[in-house]
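Here the structure is laid out as structure tokens; the discussion comes afterwards.
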Amino acid sequence: MEEREFKKIAGNFLADKGFEKKRNFFYKRDNNLVYVIGLQKSKYTNSFYLNVGYLIKELHPNDEYPKDVDGDVRTRFSWILPFSKKETDIFELEGLSADQSNIIEEFVSNNVERLIDSVQYNGLGWLLEKNPTLLYQTTLKAKEYLQLE
């Protein structure tokens, strides 16, 4: 599959889920957070990473269109490889055809549910409690705001 096809399929799916596209990023907002998803092409293979940044609005009142790396908490989409049952954060395009777009949609859908929808419902503190390793990808300012430090 070509890079352009992947971006189109992933972008259309994210748009259907209520994300707004601006430059190379996708944005969704609620009362407290800005969710930023960035598609990052691998330098070495025909594959992509989908990076997520969570920005606490109160800490970034003037950041209308931040990048995923600006997030107070950052992570990546991941999935379990069906053949090996190992978790990976890279989506390989090699050997994938355009008629297999459902695989991309499933990958994006599962991660949107896990990393965006569940946080909208339960809160960012819940995500950090459930995934304590994300504290390493959390800014000190956010930890203080969430009273984790």
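Under the UniProt record's numbering, the first residue of the sequence shown is numbered 1, with each subsequent residue one higher. Beta carbons are placed, not taken as given, at the ideal position from N, Cα and C, and that holds for glycine.
{"Query": "Using 9 Å as the threshold, is the C-beta distance between residue 13 and residue 90 below it?", "Result": "no"}
{"Query": "Count the other C-beta atoms from every protein chain shown that fall within 10 angstroms of the C-beta of residue 75, then say buried if there are 16 or more, exposed otherwise.", "Result": "buried"}
{"Query": "Just mark residue 155 as buried or exposed, buried being the case when its beta carbon has 16 or more other beta carbons within 10 Å.", "Result": "An answer regarding residue 155 cannot be provided, because it is not within the stretch 1 to 149 covered by the chain."}
{"Query": "Reducing DSSP to helix, strand and coil, say where residue 54 ends up.", "Result": "strand"}
{"Query": "Strictly by DSSP, which residues pair up with residue 43?", "Result": "Its beta-bridge partners do not exist; DSSP assigns none."}
{"Query": "Among the residues of its own chain, which have a CB less than 8 Å from the CB of residue 7, if the five just before and after it don't count?", "Result": "39"}
{"Query": "With DSSP collapsed to three states, give me the class of residue 90.", "Result": "coil"}
{"Query": "Since residue 18 sits in a beta bridge, which residues does DSSP pair it with?", "Result": "BP columns for residue 18 are empty, so no partner."}
{"Query": "Name the residue from 64, 85 and 57 whose alpha carbon lies nearest to the alpha carbon of residue 72.", "Result": "57"}
{"Query": "Taking Cβ to Cβ, would you say residue 34 is nearer than 9 Å to residue 50?", "Result": "no"}
{"Query": "Do residue 19 and residue 52 have their C-beta atoms closer together than 9 Å?", "Result": "no"}
{"Query": "Apart from the five residues just before and just after residue 94, which ones in its own chain have a Cβ nearer than 6 Å to its Cβ?", "Result": "46"}
{"Query": "Helix, strand or coil for residue 114 per DSSP?", "Result": "helix"}
{"Query": "On the criterion of 16 or more Cβ atoms from any shown chain inside 10 Å, does residue 30 qualify as buried, or is it exposed?", "Result": "exposed"}
{"Query": "Measuring alpha carbon to alpha carbon, tell me which of 41, 87 and 36 ends up nearest residue 65.", "Result": "36"}
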